[in-house]
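In this note's numbering, the protein residues as written are 22 to 372. For each residue, glycine too, the CB sits at the ideal point set by N, CA and C. Only a predicted model underlies this, so the values are computations on that prediction, with no experimental measurement involved. Worksheet: one structure, shown below.
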Ligand SMILES: [Zn+2]
Ligand SMILES: [Zn+2]
């Protein structure tokens with residue numbers, strides 16, 4: 022099936038239209054028309070080959086919401102017209118212990134990325150959601166519950182699950198003391214989701230400039246991380262700190278904030294971190310961890326949870342042809358808090 026999208030053609034060229042093929046339906050495949058796609062930091066890093074594993078041309082996008090247009094002969098859970106979603110992965114081995122546990126993101130053979138991956142049958146490079154159509158294995162297709170705003174659902178598929186999964190892994194609930202570092206696409210979701218789970222939530226920021234925003238998102242307070250007095254007073258006061266900062270930075274200011282056995286979980290920076298002083302780790306039996314997205318079952322749980330609690334990202338809608346401006350603004354953290362592409366603005370005439 023021919024479709025059109027927007028692709029990066031090299032690490033330093035702007036995204037531009039691309040006509041390409043989606044595979045013919047396999048028996049366990051679902052085909053969809055993409056309605057909305059969120060814009061994630063990973064899209065930008067991949068377009069620029071910041072992680073060194075990009076191929077070109079590459080169509081980014083892994084926060085995908087669409088409508089089913091066709092189903093393979095063995096598909097049982099979806100029908101034409103259903104609203105569905107696809108996140109960061111489109112396949113896994115489905116046989117290892119992690120896949121059996123519903124943790125496909127941790128598949129022993131590696132999951133197949135929605136883009137920047139290779140199809141497990143044909144080896145062809147996968148292409149993401151900045152496009153008109155997508156074909157995906159049923160097992161990696163999620164149901165959008167009735168009542169969720171489709172446009173604002175898109176960022177749940179990466180920013181949402183990336184922050185929800187650690188909150189669930191570390192059993193956040195009423196009484197939990199949760200800190201969130203960084204108030205971007207991931208951070209603002211971490212705040213909303215932790216509040217939704219009943220936690221006491223503190224946003225950590227280098228200045229108090231974002232205090233009103235933090236409180237508006239539902240946080241209980243903002244703690245200024247450059248205020249030594251306030252930081253001293255807050256020591257030992259957190260069970261979990263979700264670190265969403267997407268660049269290299271120091272963990273030293275934050276580790277003393279954790280209570281004994283508390284965990285700082287990194288979900289933003291993928292790559293080197295600044296040198297860390299281990300004294301607070303050892304003395305307080307504190308932990309530093311990482312966490313990638315979440316499994317399919319957990320992602321469906323997130324969508325259902327957000328529908329029930331009416332939790333949605335704050336989004337700025339853009340046209341497909343505004344993507345290069347959006348990338349530039351995202352690099353300057355100039356978005357509240359997630360761009361979402363309205364795919365109706367991508368017409369055949371652009372390819
Ligand atoms: Zn992402
Ligand atoms: Zn597996």
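In this structure, the CA atom of residue 220 is about 14 angstroms from the CA atom of residue 184. For the set 233, 271 and 111, the Cα lying nearest the Cα of residue 246 is the one of 271. In this structure, the beta-carbon distance from residue 256 to residue 278 falls below 8 angstroms.
Under the three-pair Cβ rule at 8 angstroms, the segment 103-115 counts as touching the segment 158-170. Under the three-state reduction of DSSP output, residue 84 falls in the coil class, being neither helix nor strand. Among the bridge pairs identified by DSSP, residue 146 is matched with 139. For residue 279, the enclosing beta strand (DSSP E) starts and ends at 279-287. Proximity of the segment 321-338 to the segment 139-147 falls short of the contact definition, fewer than three beta-carbon pairs being nearer than 8 angstroms.
A contact is defined here as three or more CB-CB pairs under 8 angstroms, and the segment 24-36 meets this definition with respect to the segment 60-73.
If one requires a minimum length of 4 residues, the alpha helix (DSSP H) runs lying completely within the segment 239-307 are 249-254 and 300-304, in chain order.
Membership of residue 154 in any alpha helix (DSSP H) is not indicated; the residue belongs instead to the beta strand (DSSP E) covering 154-158.
Here residue 51 is near residue 159, since their CB atoms are less than 8 angstroms apart. Screening all residues for a C-beta within a distance smaller than 5 angstroms of any heavy atom in ligand 2 leaves 113, 114, 117, 120 and 128, in chain order. Around the CB of residue 321, 16 or more other CB atoms lie within 10 Å, so the residue is classed as buried. Here residue 152 is actually not in contact with residue 188; their C-beta atoms are around 31 angstroms apart, not less than 8 angstroms. Only exposed fits residue 230, as fewer than 16 other CB atoms lie within 10 angstroms of its CB. Counting the other CB atoms within 10 Å of its CB gives residue 135 a total of 16 or more, which places it among the buried residues. Excluding residues up to 5 positions away in sequence, 199, 215, 218, 220 and 261 lie with their Cβ nearer than 7 angstroms to the Cβ of residue 193 in the same chain.
Here residue 25 is not near residue 46, since their CB atoms are 8 angstroms or more apart. Annotation: the segment 23-73 contains the following complete segments of the beta strand (DSSP E) (minimum length 3 residues), in chain order: 23-28, 37-42 and 50-59. In the structure shown, residue 132 falls within a coil segment according to DSSP collapsed to helix, strand and coil.
For the options 237, 351, 226 and 197, the alpha carbon positioned closest to that of residue 213 is the one of 237.
In the DSSP assignment, the residues bridged to residue 339 are 362. Excluding residues up to 5 positions away in sequence, 35 and 36 lie with their Cβ nearer than 7 angstroms to the Cβ of residue 345 in the same chain. Those residues that bring their Cβ nearer than 6 angstroms to a heavy atom of ligand 1 are 61, 63, 83, 109 and 179. One alpha carbon belongs to residue 316, the other to residue 116, and they sit about 14 angstroms apart.
Going by DSSP, residue 182 is part of the alpha helix (DSSP H) stretching over 180-190.
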